[in-house]
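In the numbering used here, the protein residues as written are 372 to 506.
Note that beta-carbon positions come from the ideal geometry of N, C-alpha and C, so glycine has one too.
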């Protein structure tokens with residue numbers, strides 16, 4: 372005959388259970404900010420995707436998208452599929468806009484790519500260099 376025993380957590384004293392739960396909560400709370408600090412917001416990721424589209428656009432001249440591609444790959448992991456759709460759409464729209472751009476619009480897109488987008492890359496690489504395990 373098999374005798375059913377109490378589950379493991381019911382055999383402990385109440386004080387020990389509370390202590391265990393408290394320790395688990397402290398560990399979870401202390402590690403969460405470290406992970407959150409390394410991740411950009413969804414809107415920042417969409418903005419970076421626009422920059423990637425501009426960097427890949429042949430009509431705007433040469434630009435090296437390597438740093439942005441690495442940033443997007445690292446930051447895109449584990450994102451909600453709806454966010455990923457917005458990211459993909461932003462890159463496509465920027466490439467399309469750049470492909471059709473003439474004169475003034477072309478100049479403003481080049482200025483955006485070489486100004487705001489370069490700053491974004493520098494800020495992201497500085498943040499990852501300062502983070503534990505970063506470049």
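Using a 10 angstroms sphere on the CB of residue 453, the tally of other CB atoms stays under 16, which defines it as exposed. Here residue 487 carries a helix assignment [DSSP, helix/strand/coil]. CA-CA distance, residue 482 to residue 411, rounds to 23 Å.
Close CB contacts of residue 466 within its chain, under the 7 Å cut and outside five residues either way in sequence, are with 424, 427 and 428 (chain order). Per DSSP, residue 411 is not a residue of any alpha helix (DSSP H), being assigned neither H nor E.
Taken in chain order, the unbroken stretches of alpha helix (DSSP H) that lie wholly in the segment 409 to 474 and span 4 residues or more are 413 to 427, 437 to 447 and 452 to 471.
Looking at the backbone, the Cα of residue 451 and that of residue 430 are separated by about 32 Å.
Of 491, 494, 493 and 480, the smallest CA-CA separation from residue 432 is found for 480.
The alpha-carbon of residue 488 is positioned some 23 Å away from that of residue 449. Between residue 420 and residue 462 the beta-carbon gap is near 5 Å, inside 8 Å, which marks them as a contact.
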